[in-house]
Structures are given as structure tokens and as C-alpha cells.
Amino acid sequence: MLRSPILIRISHSIITLFAMSIAVFLGVYALGNPVDLLINPQANQIERAQMITQLGLDQSLWVQYQRFLSAALHGNWGISFDSNTSAWSLIVERLPATVELALCAMCIAIIIGLPLGLIAGLHPSRWYSRLIMNGSILGFSLPTFWVGLMLIMMFSVWLGWLPSSGRGATTNTLGIPLSITTIDGLMHLILPAINLALFKLSLLVRLTKSSTTLAMLEDYVRYARAKGLTEHTIIIKHVLPNIAPPIITIIGLELGGLIAFAIVTESVFSWPGMGKLLIESINMLDRPVIVAYLMMIVSLFIAINLIVDTVLIMINPRLRKQALSLQSSLA
Amino acid sequence: MFNDEQHYLLKLYRDRVARRSGLMLLLILALALAAPIYTPQNPYDLAQLNLLDAKLPPLHHSPDGAIYWLGTDDQGRDMLSALCYGLRTSLGVGLITTLLSLSLGLLAGLVAAYSGNYIDSMLMRLVDLQLAFPAILIALILLALVGQGIDKVIIALVIVQWAYYARTVRSAALTEMRKDYITAAICAGYSPMRIVLIHILPNIIPTLLVVASAQIAQAIALEATLSFLGLGLPITAPSLGLLIANGYTYMLSGTYWISLFPGVVLLITIFIINITGDRISALLNPRLQ
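Protein sequence lines correspond, in order, to chains A and B. Just so you know, we're using the working numbering here: the first sequence kicks off at 660 and counts up by one. Just so you know, we're using the working numbering here: the second sequence kicks off at 503 and counts up by one.
Right under this line is the structure:
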């Protein structure tokens, strides 16, 4: 029925999104008390009764789910208790700041992590490789929020070089406010981006190192050597393309992780992104915003997974065949 | 490299790095457990705190002659004492979480591997779905829905972590089940219970050890992060994360020690656990040998 493996992936994504919408719905309507979750605690009895009819909380669970789904598809996630505006628009407003931070952190992690991992993988027993690998364990162990505090203490309080909070001046680039385009914004971006990058950097170093070590033992490397190719050519032309797929997968999937982990960094650096909004909303019990954040992040994750899968299928012919044979075996 | 007959615990003991980091881990555990014996003050007993001693820098003398080795916080609490008690809370949460999620994951993984039917595929779908999302996000949302407290933090961490164990146990158990001795045991007519408990379980313990050593560090770091964000433990019994969060407010005015020292202790603890885990996985992971 479905010809392209990419179409199969898309249909999987839609099923997952559907499953997650049921999970979120059940979490809000069945596990918790939706009256407490969705109606402002400060409302009086008459307002409560009105809201219950208006939200359809007196209807059956199935009818409620239909309403929830149709409202969700229309981008209607309720009104924030705190600011009296649409919860969805609050989230969307904060989205660019978070995505900008996550992308910058990912770039830092890739630019530093890949070469270090490659060096450690090519010469695993040298002292600098061991330094890199132990350093990566340290990078794993450093709790993100504490590193953030130490960065602020060092560069903002003691040295006074970089600002400790906020986003700085932003310019509208294609209608999206960005910090990276101004000097002031860039200065504000450096510390949080480094902070967020550190964990993924360590991960990338370890992943690149282990894939490189394994790739160097393969037969094709030996044949390339026998053919008289220089080490340089072997690495660029043969090793790198072979270790790329798992690394691209991890980079793609970890982008979602970065957006989630930005919750911590944004709280430390008062970066006005979605994560900070989530923490504020949790502290103020602003449930519609929490639900909207949840669905936004779920959609982002599913979209990222889909894109990673698609890219992998496009760059890896083996996967294309595998997906097709899997499909024919199912049919 | 290693003799196949050699027991894995002996293998760990023979390794210098694993032995040393393991010993240091025991030392940290002992320090945390013995905190009430050697700390100069009970940091949670408000009667012992003196507000006049608030925010004293490290090595400062209190009026009655005692030394605050690591300074005091905004309540006049001795940071050294608070730190040792905080370490106890953090390690306690980490250990209990690991024990509970390991048991739950072990059960789910063994059931999935041995049943192999729709129960298996349902459990594994659940695991896949959960592992697709970062641990911090799931824990945060759970705590936002159910509220705060030490029991709720542990529940949230267990829900986050069981999936890792379940997946590992299932795949390790499946590998074992393909081996001849299991077929022999089945032919000999042993009950499934006996095969799982006596034959499969002891053989997947090394794999379990590898996962547990990574997960326990994660549990401690996650709890610290949640507490820092104000969603973890209550202020009356602070863990290391909460102590750091507590100092955050005063850091911009140069009062660095309230956040610095708990962070260093947290870092050292997680680092040593990770080093030990790294060695354990290098020594016991069959794929790396």
C-alpha cells in the first residue's frame, strides 16, 4: 500500500502523536481532577459551575476526548490563568529563544566534540586521548545547573566580562526575534549556550571515539592502507562516511534533548524561552500553559524523529532496502 | 584478555581503577551515613542555628569559638554540616530509586523475555515510547501533576528509570535463552520459575550492574536538578541540589561558598560513580572485549 519508507515513517509519527494525545488527555482528565487542573483556583462557585459546562467536564470521557482533540487541532489549549492570554500563543512566543539557544549549543557541541572524539579514537592509548576521555566523564558528571552557576560566578561576578541573565538586544530576522544577530545578544548567548552544550559535547566525544576505534579495525581500512592511501585520505574518505550515520542520528535525536534540557539552563540564566515559562507556570499552577508546553514538546520530538529517520533513509541505501523488505514482509 | 572462567567480581577486584574508585565510593557512603556523628551541628535543628552567624565566609570563627570551615548560609547554618546531611539525602534518594527501579525493570524485562507474546510487545512499546523523551522532562511533568515531597520524587525517578532496566534485562535474558543450557533445562522439565530464577537471573547480573552504575549517577543528578528547580525535596531536609539552589540567590553579591561547596561534593560523588561505572562496563560488557 505504502510505497516509500518515508511515508511509512510519517504514518508512524501520526500514530505516535495520536497515542501521546491520548496519554496527555488521560493525564489531565482521568488521573488528575480536571476541575482542579483547568479551572483557576481563585474562581468562585458560580464561575466554576460555568467553566465545568463550558469545558464539557460534565460529559462522558469519550465526548470529552473528541472535544479535546478538536480544540487541540485548532490550536486552542485554553487560557493562561496568569496572563489571561491564549496558552498556545504564550508558548509559541517563547519558542524562538529556546530553539536559538538549543541550536547554538548543538553547534558548539559538534564543532568541539567531533574533532576531539576523532583524535581520541585514532590514537586511543596516547596521553591526550586519555585526557579527552576522562574529561568527557567529567563533562557527564557535571550537573548542568551547577556549571551554569559557576559560569555566572566566574564570568559575570568576578571577571565582569559577560552578562548573567536575559537575552540582550534582539533583531527581527524574517519576523523571528534573534539574539545572535547583535553583539549584545551574542554576549548574552555565549554562557547559556556553553552551559547547555557541555553535556552533549561529552556524549559526542564518547560516541565519535568508540565509532572511530571500531571503524579503524575494519577490513576496508586495512585494504585502503594496503592500497597505499595516506592516513588522511583514509580518515576523510572512508572512515568519516562510515561513522556518520549513528552520529547524525544521535545529533538529531539529542536536539530534542537539548530543547528539554534548556529548561534547566534557561532557569539559571533567566533566558526567556519555553523552559523558563514552564517552570514559572508550574510554580504558579498555570495548568493550561503546562499542557500546551507538553503538547508542543511532544510534537517537536516527533517531528525531529521523523526528520532524522528521513535523512538517514536518504543517505543510507542499506536502510532504504531494509525498510522496503520489511514492508514487503509485512504485506 | 580475561579468562572466561574468572568470576566477574574477581575481575573487578583485580582492576586497579575499579578497586580504587570502588573504595572511594564506599568512603563517601560511610561519610554520608556517619554524618550525625562527626558534624559540629545538626543543620536541620533550628535551635542550633544562630541568625547572627548568617553568611559568614569559610574559616570564619563564630563568637563562641567554633570554626565554620566552609562558612555559613543565610540562616547561619554551618555549611560543612549541611553538606554532609545533604549528601546523605542525595545518596539515599539515589540508592532507593535505583533499588526500586531495578526491581521493577528486572521483573518487567524477565516477564517480557520469557512470555515473548503480546505482553512482550506491549511492554516494549511502552519502554520505547518512554525512552523517546528525556528523563528530566518526564520527571518534571510528573512532579508538576502530583506535587512535591521525597516520596513523590522517588516515584517520579522510578517511573523515569525502570524502562532502561527493563530493556536491558529483556535483551540480556533473550541472549541467554538462546543458549543450549536453557534448552537443556527446558528439556529436563524444570519449571519456568526455576529456569528464570536459577539459570537466567545469575547470568544477567553483570549486565544489570553496568546499567545500574550509570543509572544511579543519573538518579542523583536528576534529583539535584529537580530540587534546584524547586520541584524536588522540601526545604526542611535539603539535598545537595537544594543547598545549591539556596545559595543561588546570594551568589550575584559574591557570597559564593553556599553554592560552591555542595556543588563540588555533588560533582565528586557523581564523577566517582561514573568512573566506577565506566570501568565496570569496560570489564564486564562482552561487546567491548
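Glycine included, each C-beta is placed from N, C-alpha and C at the ideal position. Treat the numbers as computed from the prediction; the structure is a model and nothing was measured.
Proximal residues to residue i (C-beta, below 7 Å), its chain only, five neighbours per side dropped
i      : result
A/T969 : I665, R668
A/F727 : F684
B/N505 : Legend: pLDDT at B/N505 = 46, less than 50; position of this residue unreliable, no value from coordinates given.
A/D717 : I711
A/H847 : P822, G825, R826, G827, S838
B/P694 : Y616
B/V698 : L612, Y616
B/V713 : Y666, Y667, T670
Sub-8 Å separation of residue i and residue j beta-carbons
i       : j      : result
B/I652  : B/A723 : no
B/Q632  : B/A665 : yes
A/A874  : A/I902 : yes
B/A668  : B/G607 : yes
A/V864  : A/G734 : no
A/L821  : A/L850 : yes
A/L914  : A/A761 : yes
A/S824  : A/S680 : no
B/M679  : B/I700 : no
A/P931  : A/W736 : no
A/L857  : A/G819 : no
B/L733  : B/L645 : yes
A/V880  : A/H897 : yes
B/G596  : B/A721 : yes
A/L775  : A/I791 : yes
B/L602  : B/L710 : no
B/G611  : B/L742 : no
A/L777  : A/T872 : no
B/R579  : B/A534 : no
A/I1021 : A/I767 : Lying outside 660 to 990, the shown extent of chain A, residue 1021 of chain A is not represented and no answer is given.
A/S926  : B/L628 : no
B/P740  : B/N748 : yes
A/I941  : A/I949 : yes
A/Y882  : A/I750 : no
B/Y546  : B/T677 : no
A/L899  : A/V967 : no
Opposing strand residues paired with residue i [DSSP bridges]
i      : result
B/T574 : B/D580
A/S745 : A/I738
A/L837 : A/T830
Cβ-based neighbour list, residue i, same chain, cut-off 8 Å, excluding 5 preceding and 5 following
i      : result
B/L531 : L593
A/S663 : none
A/I974 : A903, P904, I907
B/P708 : Y510, L786
B/Y515 : R521
A/L989 : Its pLDDT being 42, under 50, A/L989 is placed unreliably in this model, and the coordinates cannot settle the point.
A/K935 : R753, I922, E925, S926, S929
A/V816 : S823
Expected contact under 8 Å - CB spacing of residue i and residue j to nearest Å
i      : j      : result
A/M933 : A/K859 : With a Cβ gap of about 18 Å, A/M933 and A/K859 do not count as contacting.
B/I656 : B/I598 : 6 Å
B/I825 : B/L527 : No statement about residue 825 of chain B is possible, as the shown extent of chain B runs from 503 to 791 and does not include it.
B/Y750 : A/L808 : 6 Å
A/I996 : B/M753 : Since the first residue of chain A shown is 660 and the last is 990, residue 996 of chain A is not available in this structure.
B/S715 : B/I782 : 5 Å
A/N964 : A/S672 : 7 Å
B/A801 : B/L625 : Nothing about residue 801 of chain B can be read from this structure; chain B reaches only from 503 to 791.
B/K654 : B/V662 : At roughly 13 Å, the Cβ-Cβ gap does not stay under 8 Å, so B/K654 and B/V662 are not in contact.
6 Å Cβ shell around residue i - same chain, five flanking residues per side excluded
i      : result
A/L862 : none
B/C586 : A537, T541
B/G618 : none
A/M955 : I750
A/A746 : W736, G737, S739, P947, V948, A951
A/G794 : none
B/A719 : I772, I775, N776
A/D741 : M943, D945
For the region 742–762 of chain B and the region 686–697 of chain B, state whether three or more C-beta atom pairs, one from each stretch, are separated by less than 8 Å. The region 742–762 of chain B vs the region 686–697 of chain B: no contact.
Counting pairs of beta carbons, one from the region 511–523 of chain B and one from the region 774–787 of chain B, are three or more of them closer than 8 Å? Contact holds: three or more Cβ-Cβ distances are below 8 Å.
Are the region 636–650 of chain B and the region 667–686 of chain B in contact at 8 Å, needing three or more beta carbon pairs? By the Cβ test, the region 636–650 of chain B is not in contact with the region 667–686 of chain B, since fewer than three Cβ pairs between them sit closer than 8 Å.
Taking 8 Å as the cut-off, does the region 751–770 of chain A touch the region 835–852 of chain A (at least 3 CB pairs, one atom from each stretch)? The region 835–852 of chain A is in contact with the region 751–770 of chain A.
Indicate whether the contact test is met: 3 or more Cβ pairs, each with one atom in the region 917–934 of chain A and one in the region 946–962 of chain A, closer than 8 Å. Verdict: yes, contact present.
At least 3 beta-carbon pairs within less than 8 Å: the region 726–746 of chain B vs the region 803–821 of chain A: The region 726–746 of chain B makes contact with the region 803–821 of chain A, as at least three CB pairs between them are under 8 Å.
With three or more C-beta pairs closer than 8 Å as the rule, is the region 574–586 of chain B touching the region 760–770 of chain B? Verdict: yes, contact present.
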